[in-house]
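Numbering (our numbering), first residue to last: 78 to 235.
Written below as structure tokens is the structure these notes are about.
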Amino acid sequence: MGAVRLAAIATALLFAAIAAYLAPLSPSVIELQMAATPAAFGAIVHTWPPEHLARFRNHLPADCLLLAAYSTLGVLLARRAALFAALAPALRRAATWVLPAAALFDAGENALHWWLTEVPRFGVPLPYALAAGAAAMKWLLLLAFVLLAVVALARRRD
């Protein structure tokens with residue numbers, strides 16, 4: 078099995094497993110990711126029963142596997158997939174590093190969320206803003222990769 082296919086399967090399986098595992102959490106993990114203040118973060122975390130907070134914390138190691146998988150997938154796709162060959166060399170180089178950059182922000186977000194959910198830390202607002210900023214950058218970079226793939230597809234059709 079090719080490396081691209083293996084990375085794609087690993088990414089899809091990890092994503093599906095994590096999404097299913099976190100599905101009971103309400104408010105959602107996405108809402109927590111965007112909570113940039115201690116009050117906003119606390120309003121979500123304190124809505125969850127203790128077992129949901131434990132579920133969130135327990136998913137973080139698997140999420141680190143997911144970020145490694147999607148980072149690897151991005152590099153392999155940009156370097157090996159015929160789709161990205163349609164991009165100009167500079168855009169193809171950019172596509173190579175977009176998902177690894179997203180993964181770095183994701184790792185930072187995970188580390189901060191691990192620390193912020195260990196015990197209440199409402200007197201330190203900066204880590205909440207940094208975690209939300211890292212999450213926002215992660216999502217923007219993931220979107221950028223999708224847009225690069227769409228541009229590549231459009232160029233390939235021409």
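In this text, a Cβ means the ideal position worked out from N, Cα and C, and glycines have one as well.
Note that this is a predicted model, so its numbers are computed, not measured.
| Asked | Found |
| --- | --- |
| With respect to the alpha helix (DSSP H) encompassing residue 195, which residues constitute its N-terminal and C-terminal limits? | No alpha helix (DSSP H) holds residue 195; DSSP gives it neither H nor E. |
| Quick one: grab the DSSP three-state call for residue 97. | helix |
| Within 10 angstroms of its Cβ, does residue 230 collect 16 or more other Cβ (buried), or is it exposed? | exposed |
| Using three-state DSSP, classify residue 148 as helix, strand or coil. | helix |
| Along the alpha helix (DSSP H) that carries residue 214, what are the first and last residues, could you check? | 202 to 234 |
| Which one of 117, 89 and 100 has the shortest CA to CA distance from residue 198? | 117 |
| Cα-Cα, which of 187, 216, 220 and 226 is closest to residue 204? | 187 |
| Which residues in the same chain as residue 139 place their Cβ atom closer than 6 angstroms to its Cβ, once the five residues preceding and following it in sequence are excluded? | 95 |
| Does residue 174 come out as helix, strand or coil in the three-state DSSP assignment? | helix |
| Tell me the rounded alpha-carbon separation between residue 98 and residue 90. | 12 angstroms |
| I'd like to check one pair, residue 220 with residue 178: are the Cβ atoms closer than 8 angstroms? | no |
| List the endpoints of the continuous alpha helix (DSSP H) containing residue 109. | 106 to 110 |
| DSSP three-state call for residue 79: helix, strand or coil? | coil |
| Output the distance between the C-alpha atoms of residue 142 and residue 233, rounded to the nearest integer angstrom. | 32 angstroms |
| Could you name the residues of the same chain whose beta carbon sits closer than 6 angstroms to that of residue 132, not counting the 5 residues immediately before and after it, in chain order? | none |
| Helix or strand or just coil, what does DSSP make of residue 113? | coil |
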